[in-house]
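*Asks:*
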Amino acid sequence: MHLQDAQLLRNLNPEQLAAVTLPAVPALILAGAGSGKTRVLTTRIAWLLATNQVSPGGVLAVTFTNKAAKEMLTRLGTMLPFAVRGMWIGTFHGLCNRLLRAHWKAAGLPQSFQILDSGDQLSAVKRVVKAMNLDEERFVPKQVAWFIAAQKEEGRRPAAVEAFDEHTRKLVQVYEAYEEQCRREGVVDFAELMLRSYELLRDDEPLREHYRRRFGHVLVDEFQDTNRLQYAWLKMFAPPGAQGQGVFAVGDDDQSIYAFRGARVGNMADFEREYRVRSVIKLEQNYRSFGNILDAANALIAHNAQRLGKNLRTDAGPGEPIRVQEAASDYAEAQWLLDEARELHRGGMPRSEIAVLYRSNAQSRVIESALFNAGIPYRVYGGLRFFERAEVKHALAYLRLLENPDDDTSFLRVVNFPARGIGARSIEQLQDAARASGRSLAQSVGAVPGKAGLNLQGFVHKLDTMRSATQGLTLREIIEHVVHESGLLDFYRTEKEGQDRIENLQELVNAAESFVTQEGFGKDAVALPLDEHGPGTLAGGGETAIPSPDAETGEIVSPLAAFLTHASLEAGDNQAQAGTDAVQLMTVHSAKGLEFDAVFITGIEEGLFPHEQSLSDADGVEEERRLMYVAITRARKRLYLSFSQTRMLHGQTRYNVKSRFFDELPEGALKWLTPRQQGFGSGYAREYRQAWDRGQGLSGIVGAGRVERAEPWQQPVPFTPKAPAAPAGQAPLRTGQAVFHTKFGEGVVVTLEGSGEDARAQVRFGRHGVKWLLLAMAKLTPIE
DNA sequence: CCAAAAGTTAAAACT
DNA sequence: TAACTTTTGG
1 MHLQDAQLLR NLNPEQLAAV TLPAVPALIL AGAGSGKTRV LTTRIAWLLA TNQVSPGGVL
61 AVTFTNKAAK EMLTRLGTML PFAVRGMWIG TFHGLCNRLL RAHWKAAGLP QSFQILDSGD
121 QLSAVKRVVK AMNLDEERFV PKQVAWFIAA QKEEGRRPAA VEAFDEHTRK LVQVYEAYEE
181 QCRREGVVDF AELMLRSYEL LRDDEPLREH YRRRFGHVLV DEFQDTNRLQ YAWLKMFAPP
241 GAQGQGVFAV GDDDQSIYAF RGARVGNMAD FEREYRVRSV IKLEQNYRSF GNILDAANAL
301 IAHNAQRLGK NLRTDAGPGE PIRVQEAASD YAEAQWLLDE ARELHRGGMP RSEIAVLYRS
361 NAQSRVIESA LFNAGIPYRV YGGLRFFERA EVKHALAYLR LLENPDDDTS FLRVVNFPAR
421 GIGARSIEQL QDAARASGRS LAQSVGAVPG KAGLNLQGFV HKLDTMRSAT QGLTLREIIE
481 HVVHESGLLD FYRTEKEGQD RIENLQELVN AAESFVTQEG FGKDAVALPL DEHGPGTLAG
541 GGETAIPSPD AETGEIVSPL AAFLTHASLE AGDNQAQAGT DAVQLMTVHS AKGLEFDAVF
601 ITGIEEGLFP HEQSLSDADG VEEERRLMYV AITRARKRLY LSFSQTRMLH GQTRYNVKSR
661 FFDELPEGAL KWLTPRQQGF GSGYAREYRQ AWDRGQGLSG IVGAGRVERA EPWQQPVPFT
721 PKAPAAPAGQ APLRTGQAVF HTKFGEGVVV TLEGSGEDAR AQVRFGRHGV KWLLLAMAKL
781 TPIE
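According to UniProt numbering, numbering within the first sequence proceeds without interruption in unit steps and concludes at 784.
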């Protein structure tokens, strides 16, 4: 073991080593960006195990995302001589699920409860609001759903919500009705997973004591992102003041960017106080970026008042200066970054090492079209993910109905999809009947009279048939059967755009298949010998016979039920075009945790970054600043910052000034690619003239058509262009000439033919390949 | 019941 | 502008 210890601890810096080898006490690790946080977490677990301070079953390690959990498991797998599967390492929600599956009875849940994702939850709330006859203008389902989730995340059931006004009282009633509906249908939403398992531990003392004894070490990743409920949940496993229990909280207050969804940075300070933390360790040595980048990050974040305090440092030297670009328009900004990215790639940098970051999703459009036209492969993060696709959700709804006929959300989703003559009226009748009898929709189909009732009964019968026909089949066979028998496959076959959807349904089968293989269903569901040694042996007292949850999960869950849970808890990727080397486009939020050789941060303008919605309060601006800090620290070697004078937003041209954040960066670390403090509008004028020169007039400038709408004081056009001498499209072309086409982007003339009206050019475009274009028709403009 | 037309709205995202 | 939802009309 000693040899292995040494191996494990090799190459850790003093702070990392101190953190990894802390005794079993409460500890707070302030881990700066790029300071080897994940390494510290996983090495600590490995070290605890290797030195026999804890058994695999005695570790509880929590993360926020599936990705982080997976990475931790993978890394641990390489450090440990045994299988890590079965250890309590996972996301908050994943672990809650595990707990509730094991103790469903004590938690008051049906054995096969289903999990609602945000979309399901929204439609469930909509139904409640409708059923209560509330005005959807005043009780906007989205806001109601948000209210309910927020209450749950504060640990409040309806009775505990303080309502001082009529509207809030009504909201609480909706919350109540929603809970009742969930109970009836046997479903839980994400927040409910957390709250229910928290309450379970809070109210069931033997159970709580069992888990407390069991988990000698609790480790939390991204602690700054925990909400109140998550912190309370953690305290159930490891209360402040408990002796001999290690609580290892890792976080970075400077990277707290999720206050808007309930995260409480304050949990870090609370933790320090409540647990009387003696060991606060700062990891400030950065292994990712060069000095200029870190200087910029440090200087920027120093403008925040609310900090625990931390400064990143590196041994890597200053590196290149940070390049700053001022653009005349969002369009010009995109063109510029495209050129730079191309240059980087030409210099040998893989495209996947180039990231383009923006504050809000809408900004990706211009950049995408520029990259697309130039034929540069790119990948956009975010957007629809696999299990959220309509066709996949439809198939899953059928599958859920096999598991639980009373799942009204799923029932409504597919009762008339594909269409089977069940209209809004019939459904309303059915819902009335169900409401009157307090039963589920499926149970109430008999109560609807006439032809409509028969159709409904036919649907339920169809489900029953599918259910019995799929008994004993493999997961793959079940899904294939359902996709076929439900009529989904036939429906999409006749759709003109249906081919992709059919492929996705096929992909669902594949996903199920690989899920079964990975989870090893039918084989050894529990690989790990739990609690063989060390503290926290199972059911220590004898009278509190608590079954091993691990064993129980393996025992009770059918492959289908497990797969459905997996589908709710893990939405999957958004179609990764694997294999292609592509430039990475994403919001700053989704860049958290990632790193790239070169990073472009675009649209750094007042109103956009910091976003205007954040300007009203100081906390808002501080969070924006942290966001900027996160963005900056993503870069390893090269960092570009850009802003634009004009930008198309919500169909209108906006005139922006550069962000206040520029004033907070050290001038010495920056290199302005465009002249500093350019007169307002001059860049626009240049762009304007170039567009005229290309013969495109105002249409060559994005949003220029709206210029006349601007207030006089906003008029950015000090330059009055003369009409071009030659009509558009008559510019002399030669082979080899670089040209620009409004639709196809940049290209090179390969061949020229004919003359006058017949003059044609063969042009090779990056993305669209080689095209023949009639010069009289096509708007081709030579580039320089 | 479906498709087209009209209306609405606009930050960020994980589970 | 564009994506999405609701309303309207065949």
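Glycine included, each C-beta is placed from N, C-alpha and C at the ideal position.
Mapping DSSP to helix, strand and coil, what is residue 355?
*Replies:* For this step, residue 355 is matched to residue 355 along the first sequence. Residue 355 falls in the strand class under three-state DSSP.
*Asks:* Compute the Euclidean distance between the alpha carbons of residue 465 and residue 596, then round it to the nearest angstrom.
*Replies:* By 1-based counting over the first sequence, the position of residue 465 is 465. By 1-based counting over the first sequence, the position of residue 596 is 596. A direct Cα-to-Cα measurement between residue 465 and residue 596 gives close to 53 Å.
*Asks:* Measure the alpha-carbon distance for residue 328 versus residue 336 and round it to whole angstroms.
*Replies:* As a working note, residue 328 is residue 328 in the first sequence. As a working note, residue 336 is residue 336 in the first sequence. Taking the straight line joining both Cα atoms gives about 11 Å.
*Asks:* I need the boundaries of the alpha helix (DSSP H) containing residue 225, first residue and last residue.
*Replies:* Looking up residue 225 in the first sequence gives position 225. Note, residue 225: premise wrong, no alpha helix (DSSP H); not H, not E.
*Asks:* Do residue 588 and residue 312 have their beta-carbon atoms positioned less than 7 Å apart in this structure?
*Replies:* Numbered from 1 along the first sequence, position 312 holds the residue referred to as residue 312. Numbered from 1 along the first sequence, position 588 holds the residue referred to as residue 588. No, the Cβ-Cβ distance between residue 312 and residue 588 is not below 7 Å.
*Asks:* When DSSP builds the beta bridges, which residues end up paired with residue 652?
*Replies:* Within the first sequence, the letter at position 652 stands for residue 652. According to DSSP, residue 652 bridges with 649.
*Asks:* Below 7 Å CB to CB, which residues in the same chain sit around residue 10 once its five sequence neighbours on both sides are set aside?
*Replies:* Against the first sequence, residue 10 aligns to sequence position 10. Contacts found: none.
*Asks:* Using DSSP's beta-bridge definition, name the partner residues of residue 607.
*Replies:* If you number the first sequence from 1, residue 607 lands on position 607. Per DSSP, 611.
*Asks:* Less than 8 Å between the CB atoms is what I'm expecting for residue 561 and residue 403, so what's the real figure, rounded?
*Replies:* One-based indexing of the first sequence puts residue 561 at position 561. One-based indexing of the first sequence puts residue 403 at position 403. Their Cβ separation, rounded to whole angstroms, is 6 Å, which keeps residue 561 and residue 403 in contact under 8 Å.
*Asks:* In terms of residues, what are the limits of the beta strand (DSSP E) holding residue 203?
*Replies:* In the first sequence, counting from the first residue as 1, residue 203 sits at position 203. Premise fails: residue 203 lies in the alpha helix (DSSP H), 190-203, not in any beta strand (DSSP E).
*Asks:* CB residue 215 to CB residue 58, shorter than 7 Å?
*Replies:* One-based indexing of the first sequence puts residue 215 at position 215. One-based indexing of the first sequence puts residue 58 at position 58. Yes, the Cβ-Cβ distance between residue 215 and residue 58 is below 7 Å.
*Asks:* To the nearest angstrom, how far is it from the Cα of residue 570 to the Cα of residue 190?
*Replies:* For the purposes of this step, residue 570 is taken as the residue at position 570 of the first sequence. For the purposes of this step, residue 190 is taken as the residue at position 190 of the first sequence. Each residue's alpha carbon lies about 12 Å from the other.
*Asks:* Where residue 580 and residue 129 are concerned, what is the direct C-alpha to C-alpha distance, given to the nearest angstrom?
*Replies:* In the first sequence, the residue the question calls residue 580 occupies position 580. In the first sequence, the residue the question calls residue 129 occupies position 129. Spanning the two alpha carbons is a distance of roughly 46 Å.
*Asks:* What is the C-beta distance between residue 455 and residue 426, in whole angstroms, given that I count them as a contact (C-beta under 8 Å)?
*Replies:* The count along the first sequence starts at 1 and reaches residue 455 at position 455. The count along the first sequence starts at 1 and reaches residue 426 at position 426. Their Cβ separation, rounded to whole angstroms, is 7 Å, which keeps residue 455 and residue 426 in contact under 8 Å.
*Asks:* Let me make sure I understand the geometry here. Which of 748, 675, 670 has the alpha-carbon closest to that of residue 297?
*Replies:* Start at 1 with the first residue of the first sequence, and residue 297 comes out as number 297. Residue 670 is the option with its Cα nearest to residue 297.
*Asks:* Based on DSSP bridge pairs, tell me the residues matched to residue 323.
*Replies:* Along the first sequence, read from residue 1 onward, the residue named residue 323 stands at position 323. DSSP output for residue 323 lists 640, 671 as bridge partner(s).
*Asks:* Tell me the DSSP bridge mates of residue 126?
*Replies:* As a position in the first sequence, residue 126 is number 126, starting the count at 1. Note: residue 126 sits in no beta bridge, so no partner.
*Asks:* Taking just the CA atoms, how far does residue 655 sit from residue 647?
*Replies:* Sequence index remark: in the first sequence, residue 647 carries index 647 (1-based). Sequence index remark: in the first sequence, residue 655 carries index 655 (1-based). When rounded, the distance between both Cα atoms is 7 Å.
*Asks:* Three Cβ pairs or more, each shorter than 8 Å: is that satisfied between the region 25-40 and the region 279-293?
*Replies:* They touch, by the three-pair rule.
*Asks:* Is it the case that the region 163-171 contacts the region 66-74, given that we only count it when at least three CB pairs across the two stretches are under 8 Å?
*Replies:* no
*Asks:* Give the range of the beta strand (DSSP E) segment to which residue 246 is assigned.
*Replies:* As a working note, residue 246 is residue 246 in the first sequence. Where residue 246 is concerned, the enclosing beta strand (DSSP E) stretches over 246-251.
*Asks:* So, for residue 540: in the same chain, excluding its five sequence neighbours on each side, which residues have a beta-carbon less than 7 Å away from its beta-carbon?
*Replies:* Counting from one through the first sequence, the residue named residue 540 turns up at place 540. With a pLDDT of 32 at residue 540, under the threshold of 50, the predicted position of this residue should be treated as unreliable, and no value is reported.
*Asks:* Nearest to residue 651 by alpha carbon, out of 386, 362, 120?
*Replies:* Residue mapping note: residue 651 aligns to position 651 of the first sequence, counting from 1. Ranking 386, 362, 120 by Cα distance to residue 651 puts 362 first.
*Asks:* By DSSP's criteria, residue 285 is part of a beta bridge. Which residues make up the other side?
*Replies:* Taking the first sequence and counting its residues from 1, the one referred to as residue 285 is at position 285. According to DSSP, residue 285 bridges with 313.
*Asks:* Judging by CA-CA distance, which residue of 433, 429, 450, 405 is the nearest neighbour of residue 468?
*Replies:* Within the first sequence, residue 468 is the residue found at index 468, counting from 1. When only C-alpha atoms are compared, the closest one is 405.
*Asks:* Based on the DSSP output, what are the partners of residue 88 in its beta bridges?
*Replies:* Taking the first sequence and counting its residues from 1, the one referred to as residue 88 is at position 88. Its beta-bridge partners are 60.
*Asks:* Is it right to say residue 563 is buried, meaning 16 or more other beta carbons lie within 10 angstroms of its own, or is it exposed?
*Replies:* Within the first sequence, numbered from 1, the residue matching residue 563 stands at position 563. Under this definition residue 563 is a buried residue.
*Asks:* Report the three-state DSSP secondary structure of residue 170 (helix, strand or coil).
*Replies:* On the first sequence, position 170 is the one that residue 170 refers to. Residue 170 sits in a helix when the DSSP states are folded into three classes.
*Asks:* Over the uninterrupted beta strand (DSSP E) stretch that includes residue 14, give me the two end residues.
*Replies:* For the purposes of this step, residue 14 is taken as residue 14 along the first sequence, with counting starting at 1. Premise fails: residue 14 lies in the alpha helix (DSSP H), 14-20, not in any beta strand (DSSP E).
*Asks:* Spatial neighbours of residue 333 within its chain, please: CB distance less than 7 Å, with the 5 preceding and 5 following residues excluded, ordered by chain position.
*Replies:* Residue 333 sits at position 333 when you count from the first residue of the first sequence. Only 327, 602, 642, 644 meet the Cβ criterion.
*Asks:* Which word fits residue 484, buried or exposed, when buried means at least 16 other C-beta atoms lie within 10 angstroms of its C-beta?
*Replies:* Counting from 1 along the first sequence, the entry for residue 484 is found at position 484. Result: exposed.
*Asks:* State the start and end residues of the unbroken alpha helix (DSSP H) segment that holds residue 492.
*Replies:* Taking the first residue of the first sequence as position 1, residue 492 is located at position 492. Taken as a continuous stretch (DSSP letters only), the alpha helix (DSSP H) holding residue 492 covers 488-494.
*Asks:* Got a sec, what are the start and stop residues for the beta strand (DSSP E) residue 363 sits in?
*Replies:* Residue numbering aside, residue 363 sits at position 363 when the first sequence is read from its first letter. Where residue 363 is concerned, there is no enclosing beta strand (DSSP E), given that its DSSP letter is neither H nor E.
*Asks:* Inspect the beta-carbon positions of residue 608 and residue 359 and report whether they are closer than 7 Å.
*Replies:* Taking the first residue of the first sequence as 1, we reach residue 608 at position 608. Taking the first residue of the first sequence as 1, we reach residue 359 at position 359. In this structure, residue 359 lies closer than 7 Å to residue 608 by Cβ.
*Asks:* Residue 193 to residue 93, Cα distance in whole Å?
*Replies:* Here residue 193 refers to the residue found at position 193 when the first sequence is read from its first residue. Here residue 93 refers to the residue found at position 93 when the first sequence is read from its first residue. Straight-line Cα distance between these residues: approximately 6 Å.
*Asks:* Determine which residues share a DSSP beta bridge with residue 788 and list them.
*Replies:* Residue 788 cannot be examined here, being either before or after the span of the chain that is shown, 1 to 784.
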